[in-house]
Amino acid sequence: LVAPCVYLSPPTSELFLSLYACSPVDACTYYGSDAGQAPVCLNLFTDLLAACGEEASHAEYVGDPSRPGTASSLPEHRPTPERSSHFLDPCTRRAVREVLWKAFRSTPLHAWAPSRDCPFAYVRSLEEYRQFLCDLVGNGAGYPVQKSAHSLLPSEGPGPAPTAFICNSIVHAGAAVGARAIVEHSELKPGSQVRAGSYVSGVVLEAESVVAEGGTV
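The C-terminal position of the sequence shown is numbered 203 in this note's numbering, with every residue numbered one higher than the one before it.
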């Protein structure tokens, strides 16, 4: 299985984060470790996503990994011990997977693979990254991603330029984002300007601040 990017919707993310205080899954975090529990390691694919599969059964998912005949008992499906629940003692493993099954069983799981018409998106420079996000994504090139993802944009006013890419950011009314600019994990205060071709990541751009054309912050 090759899945370089796994997207969790906001409700699923909230559900996932809520498990930090749910025993015995809390032993994956400092919350459980500080309480004296033995560490528990989980694998994104074999422990979490496996609970969402349509063909997965409760007996197969939660069952004893040493029991022959189950997918979880086959050697080729065993990740390394430090990256999976597979090598936990059977009681702990069963308890962990019962929690995960109950939490994620009703979560829909979808896979998307690029069509043959999509160029291979392996970027080697900022300019290639810009070309991918600003010129290909959302322009009918086969990438099912919007130009503004997980972001809060102003409901009134001109808003960001159509070819700009905004991700995980807050753009206040009065802030300007120019053509083919990229804004990630940031907040743009009213009056701030991100001019054409700029790249902004992980900052709070105060009012009246200006990122020059082609600049990087």
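Glycine residues also receive a C-beta, built at the ideal position from the N, C-alpha and C atoms.
Bear in mind that the values here come from a model prediction, so they are computed numbers and not experimental data.
- Relative to S187, the option among E113, V109 and L174 whose CA is nearest is L174.
- In its chain, beyond the 5 residues on either side, no residue has a beta carbon closer than 6 Å to the beta carbon of L74.
- The alpha-carbon separation between A21 and V82 amounts to approximately 17 Å.
- Membership of E170 in the beta strand (DSSP E) is indicated by the continuous run I168 to E170.
- Taking all protein chains shown into account, S184 has 16 or more neighbouring C-beta atoms within 10 Å of its C-beta and is therefore buried.
- Under DSSP, L191 takes part in a beta bridge, and its partners are L174.
- Partner residues in the beta bridge of L138, as assigned by DSSP, are I156.
- Just so you know, the alpha carbons of G200 and S141 end up roughly 27 Å apart.
- Taking C-beta separations shorter than 6 Å and ignoring five residues to either side along the sequence, the partners of C120 in its chain run T149, F151 and R166, following chain order.
- For H96, there is no enclosing alpha helix (DSSP H), as DSSP marks it with neither H nor E.
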